[in-house]
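According to mature numbering (1 follows the signal peptide of the UniProt record, and there is no 0), the residues represented by the sequence shown are -30 to -1, 1 to 145, in order.
This report refers to the structure that appears directly beneath it.
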Amino acid sequence: MHTPSNTTRRRWLQATAAGLALPASAIVQAKPEKEPPLPAVGSALPLTPAPLLGGGQFDPAQADGRVLVLYWWASWCPFCAEQSPEMQKLWDAQRGRGLQMLTLSIDKKPELAVAYLRKKNYNFPAAWLSPELLRHYHKPEGLPVTVVRGKDGRVAQAEKGQLFPEDVAQLARWL
């Protein structure tokens, strides 16, 4: 008689406890889709229009010949909570010098992102990464993610993980 391994037995017990009437062999752990890597420095970074959470729309033409900071974040991300105030400071200090910014919330619902932006008094351009928008703005692995698109339309810098305040301030060097 075949004795299932501890792993198989554990899966069968978990399924049974959850009320599933499945044999252990039918329980397969789903593998999450792998997120793409950061875009390579020097690679072209095409843009697409994006509806903004505060109203209006991001138009790719407004970034032509200008530096654009793309920033993926979420209201529930503790590292984003540390970096987002610095992104707001960067936006306030550098938009007059031509800096363009598009921040992309990966929250499950746009209402969660809107409430967070209001609560924190952030006014940087923010869009919700809907399934449609995700086809154009692929979220790289990790969070937060910051990508700088240079004046030439190519990636000048790409970072995953929280940036320190001085690192965010240094993004202005691309202007």
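By construction, the Cβ of each residue, glycine as well, lies at the ideal position given by its N, Cα and C atoms.
Taking C-beta to C-beta, are residue i and residue j nearer than 8 Å?
{"i": "A97", "j": "L87", "result": "no"}
{"i": "R124", "j": "S54", "result": "no"}
{"i": "residue 151", "j": "A128", "result": "This structure cannot speak to residue 151, because the chain is shown only from -30 to 145."}
{"i": "T73", "j": "F94", "result": "yes"}
{"i": "L60", "j": "V37", "result": "no"}
{"i": "Q64", "j": "L145", "result": "yes"}
{"i": "A33", "j": "R143", "result": "no"}
{"i": "E99", "j": "I76", "result": "Sequence check: residue 99 is Leu here, not Glu. Yes; because the gap between Cβ atoms is below 8 Å, this pair is in contact."}
Would you check whether the ligand NAD has a heavy atom nearer than 7 Å to the C-beta of residue i?
{"i": "G123", "result": "The model on display carries no ligand, and the ligand NAD is accordingly not part of it."}
Kindly indicate the opening and closing residues of the alpha helix (DSSP H) around residue i.
{"i": "W144", "result": "Per DSSP, W144 belongs to no alpha helix (DSSP H) and is neither H nor E."}
{"i": "W61", "result": "48 to 64"}
{"i": "A139", "result": "135 to 139"}
Looking at the C-beta of residue i, does it have a partner C-beta in chain B at a distance below 8 Å?
{"i": "E81", "result": "Although the question refers to chain B, the structure presented lacks it and comprises just one protein chain."}
Tell me the DSSP bridge mates of residue i?
{"i": "R88", "result": "DSSP output for R88 lists no bridge partner at all."}
{"i": "T116", "result": "Y41, E129"}
{"i": "P21", "result": "Q27"}
Per DSSP, what kind of secondary structure is residue i in: helix, strand or coil?
{"i": "R124", "result": "strand"}
{"i": "L72", "result": "strand"}
{"i": "P95", "result": "coil"}
{"i": "L104", "result": "helix"}
{"i": "A10", "result": "coil"}
{"i": "L15", "result": "coil"}
{"i": "R67", "result": "helix"}
{"i": "P80", "result": "helix"}
In whole angstroms, what is the alpha-carbon distance linking residue i and residue j?
{"i": "G131", "j": "W42", "result": "10 Å"}
{"i": "G35", "j": "Q140", "result": "19 Å"}
{"i": "D137", "j": "E56", "result": "9 Å"}
{"i": "K78", "j": "R105", "result": "16 Å"}
{"i": "P114", "j": "H108", "result": "13 Å"}
{"i": "L103", "j": "D122", "result": "23 Å"}
{"i": "Q27", "j": "R67", "result": "21 Å"}
{"i": "E5", "j": "D62", "result": "31 Å"}
{"i": "A126", "j": "Q58", "result": "20 Å"}
{"i": "C47", "j": "N91", "result": "17 Å"}
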